[in-house]
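Engineer: Residue numbers (the working numbering): 3 to 148.
C-beta atoms are modelled at their ideal positions from N, C-alpha and C, and glycine is treated no differently.
Keep in mind it's a predicted model, so treat the numbers as computed, not measured.
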């Protein structure tokens with residue numbers, strides 16, 4: 003695995019469709035398929051050093067994913083779609099953000115309303131306070147059939 007050269011290269015990798023999360027730790031680039039939030043949650047729990055100071059690219063970044071990036075001490079974020087609440091949380095914590103589409107909030111899977119996690123985190127202003135909510139959300143998602 004080679005180090006990513008820049009934000010554009012990371013965006014291209016995400017846009018190709020196969021990967022939902024790309025982490026450039028400076029030493030190596032790791033790509034993840036599946037739900038980006040779940041991969042971030044797993045990385046924070048099992049390999050937090052990989053996130054510390056990393057550039058992270060994610061297809062869709064809502065407030066929950068942003069909270070995990072803050073807790074992981076990510077250096078910069080590249081997103082295809084970023085919600086305004088996620089952008090504000092990341093910027094408040096000194097994380098630079100590059101995105102293609104900035105949206106008011108992330109839509110749920112059925113596109114009929116707000117993403118459930120975005121809604122659960124809406125009135126919470128710190129990543130630390132969001133973490134238990136995210137933990138429960140991921141646990142519930144993993145218990146549901148795909």
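Return yes when the C-beta of residue 91 is under 7 Å from any heavy atom of the ligand ADP, and no when it is not.
Structural biologist: Ligands in the displayed structure: none, and consequently the ligand ADP is not present.
Engineer: Any idea which residues DSSP pairs residue 100 with across the strands?
Structural biologist: For this step, residue 100 is matched to residue 98 along the chain shown. Its beta-bridge partners are 80.
Engineer: Checking 8 Å against the spacing of the C-beta atoms, do residue 56 and residue 76 come in under that value?
Structural biologist: For this step, residue 56 is matched to residue 54 along the chain shown. For this step, residue 76 is matched to residue 74 along the chain shown. Taking 8 Å as the Cβ cut-off, residue 56 and residue 76 qualify as a contacting pair.
Engineer: Using 8 Å as the threshold, is the region 50-70 in touch with the region 14-28, meaning 3 or more CB pairs across them?
Structural biologist: The region 50-70 vs the region 14-28: in contact.
Engineer: Provide the residue(s) that pair with residue 85 in DSSP beta bridges, ordered along the chain.
Structural biologist: For the purposes of this step, residue 85 is taken as residue 83 along the chain shown, with counting starting at 1. Note: residue 85 sits in a beta bridge opposite 105.
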